[in-house]
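K.L.:
Throughout the sequence shown, residue numbering follows this note's numbering, covering 3 to 158 in sequence. Glycine is no exception: its CB is placed at the ideal position from the N, C-alpha and C atoms.
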Amino acid sequence: MIITDDVFAPVAEVHFVKELLFSTGIEKVRLQAEAKAAEDARKRAEAAAAAEAKRKIELEREAARQALLKASSCIEKTVDINEDCRILKDLEMLGTVPAENEKHTGYSLDGIGGFRPGGSNPLERLGLFIKVDDEEEEDVEHESAPADDVEEGEVD
Numbered sequence: 003m004i005i006t007d008d009v010f011a012p013v014a015e016v017h018f019v020k021e022l023l024f025s026t027g028i029e030k031v032r033l034q035a036e037a038k039a040a041e042d043a044r045k046r047a048e049a050a051a052a053a054e055a056k057r058k059i060e061l062e063r064e065a066a067r068q069a070l071l072k073a074s075s076c077i078e079k080t081v082d083i084n085e086d087c088r089i090l091k092d093l094e095m096l097g098t099v100p101a102e103n104e105k106h107t108g109y110s111l112d113g114i115g116g117f118r119p120g121g122s123n124p125l126e127r128l129g130l131f132i133k134v135d136d137e138e139e140e141d142v143e144h145e146s147a148p149a150d151d152v153e154e155g156e157v158d
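1) Give the straight-line distance between the Cα atoms of residue 52 and residue 40, rounded to the nearest whole angstrom.
2) Classify residue 22 as helix, strand or coil using the three-state DSSP reduction.
3) Which of the three DSSP states is assigned to residue 133 in this structure?
4) Which same chain residues end up closer than 7 Å to residue 32 when comparing Cβ atoms and leaving out the 5 residues on each side of it in sequence?
5) On the three-state DSSP scale, how would you describe residue 58?
6) What's the C-alpha gap between residue 126 and residue 89?
7) Rounded to the nearest angstrom, what separates residue 19 and residue 26 at their Cα positions?
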């Protein structure tokens, strides 16, 4: 049998097309794999950069914390937190002052005599008293006025 190039031409073209499609599919898969690998590498690089930034921030915080501790150890203590005992002793000592030496003009002591640390109001224990306001006295006078009072300018 004699075979000419014309007979094999359609078969060769079909084979070429199949091989081209096959190689194109492989190329497409290869390109997709490369793109996926590049995306994964980018995500890993971002995660590594975020972890590095977080580690750097933590190191800075720890350095600041250490600097603060070092600075606070150098600060001179100017206030005693447990001063309350000393204050109470001072208040007891003030309680020994007789009432006739105390001078309060405009304030009512209501006969309490000298300083009494056992009083109920801590302000009074410190010698602070509330002065009665003049406004409160005026309010009391207005409330006690009769209701049928004629106001100025009205005619009965």
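P.N.:
Let me lay it out:
1) Taking the first residue of the sequence shown as 1, we reach residue 52 at position 50. Taking the first residue of the sequence shown as 1, we reach residue 40 at position 38. Going from the Cα of residue 52 to the Cα of residue 40 covers about 18 Å.
2) The residue you call residue 22 lines up with position 20 of the sequence shown. Helix, per DSSP.
3) Taking the sequence shown and counting its residues from 1, one reaches residue 133 at position 131. Correct three-state label for residue 133: coil.
4) Here residue 32 is taken as the residue at index 30 of the sequence shown, counted from 1. Around residue 32: no qualifying Cβ.
5) Sequence index remark: in the sequence shown, residue 58 carries index 56 (1-based). In this structure, residue 58 counts as helix in the three-state DSSP scheme.
6) Counted from its first residue, the sequence shown places residue 126 at position 124. Counted from its first residue, the sequence shown places residue 89 at position 87. Distance between the alpha carbons of residue 126 and residue 89: 15 Å.
7) Translated into positions along the sequence shown, residue 19 becomes position 17. Translated into positions along the sequence shown, residue 26 becomes position 24. For residue 19 and residue 26, the distance between alpha carbons rounds to 10 Å.
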